[in-house]
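> I have a structure I would like to understand better, so I am pasting it below and will then ask my questions one at a time.
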Amino acid sequence: MTIAEIAKDFTELLKQGDNESAAEKYNADDIVSYEAMEGPMAIARGKEALRQKGQWWQENNEVHGGSVEGPYVNGDQFAVRFKFDITPKATGERVTMDEVGLYTVKNGRIAEERFYY
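Residue numbers (the UniProt record's numbering): 1 to 117.
What follows is the structure, given as structure tokens:
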């Protein structure tokens, strides 16, 4: 598959809300994820760590709706824009989350993801 094909299929799965299938199909075993924040969730290494990070996010946020836009491909990378209407359970304050994920593909798998918000 080309990077554009990987990006399109990965993003389509995200648009369908099937994050688990997207991760299983495309994440490299040694993927690294970087969040634009401090703390224990700032860097996650490996598929299992990313699965746990996703589970933590779902358990700690109530999602009211949202959208996934893209992909936007350039070389061995592609970007996806996420907009979500959420209520973090810790604060109870409803907010709009707007972020961009930048994914780097190596050997047909996503080797790195970085989030900007």
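For each residue, glycine too, the CB sits at the ideal point set by N, CA and C.
Nothing here was measured: the structure is a model prediction, and the numbers come from that model.
Quick check on the DSSP output: the alpha helix (DSSP H) that includes GLU24 runs from which residue to which?
In the sequence shown, the residue the question calls residue 24 occupies position 24. 19-26 is the span of the alpha helix (DSSP H), which, as asked, contains GLU24.
> Taking just the CA atoms, how far does ALA90 sit from VAL73?
Along the sequence shown, one-based indexing puts residue 73 at 73. Along the sequence shown, one-based indexing puts residue 90 at 90. Answer to the nearest angstrom: the Cα atoms are 35 Å apart.
> Can you look up ASP76 in the DSSP assignment and give me helix, strand or coil?
Start at 1 with the first residue of the sequence shown, and residue 76 comes out as number 76. Coil.
> Measuring only the C-alpha atoms, how far is ARG109 from ARG45?
Along the sequence shown, read from residue 1 onward, the residue named residue 109 stands at position 109. Along the sequence shown, read from residue 1 onward, the residue named residue 45 stands at position 45. ARG109 and ARG45: Cα-Cα distance of roughly 15 Å.
> Am I right that TYR34 and ARG114 are in contact with their C-beta atoms under 8 Å? What's the rounded C-beta distance?
For this step, residue 34 is matched to residue 34 along the sequence shown. For this step, residue 114 is matched to residue 114 along the sequence shown. Right, their Cβ atoms sit about 5 Å apart.
> Determine the DSSP secondary structure at ASN60, reduced to helix, strand or coil.
As a working note, residue 60 is residue 60 in the sequence shown. The answer is helix: DSSP assigns ASN60 an H, G or I state.
> According to DSSP, which residues form a beta bridge with GLU112?
For the purposes of this step, residue 112 is taken as the residue at position 112 of the sequence shown. VAL32 and THR104, per the DSSP bridge assignment.
> Can you tell me whether DSSP reads GLY54 as helix, strand or coil?
Counting from one through the sequence shown, the residue named residue 54 turns up at place 54. Three-state DSSP puts GLY54 in a helix.
> Among ASN19, THR2 and THR11, whose alpha-carbon lies nearest the alpha-carbon of GLU69?
Here residue 69 refers to the residue found at position 69 of the sequence shown. Nearest of ASN19, THR2 and THR11 to GLU69, Cα basis: THR11.
> Given ASP29, which residues of its chain have a CB within under 6 Å of its CB, disregarding the five upstream and five downstream residues?
Along the sequence shown, read from residue 1 onward, the residue named residue 29 stands at position 29. Same-chain partners within the cutoff: LYS47.
> Beta carbon of LEU14, beta carbon of VAL63: below 8 Å?
For the purposes of this step, residue 14 is identified with residue 14 of the sequence shown, where counting begins at 1. For the purposes of this step, residue 63 is identified with residue 63 of the sequence shown, where counting begins at 1. Against a cut-off of 8 Å, the Cβ pair of VAL63 and LEU14 comes out as no contact.
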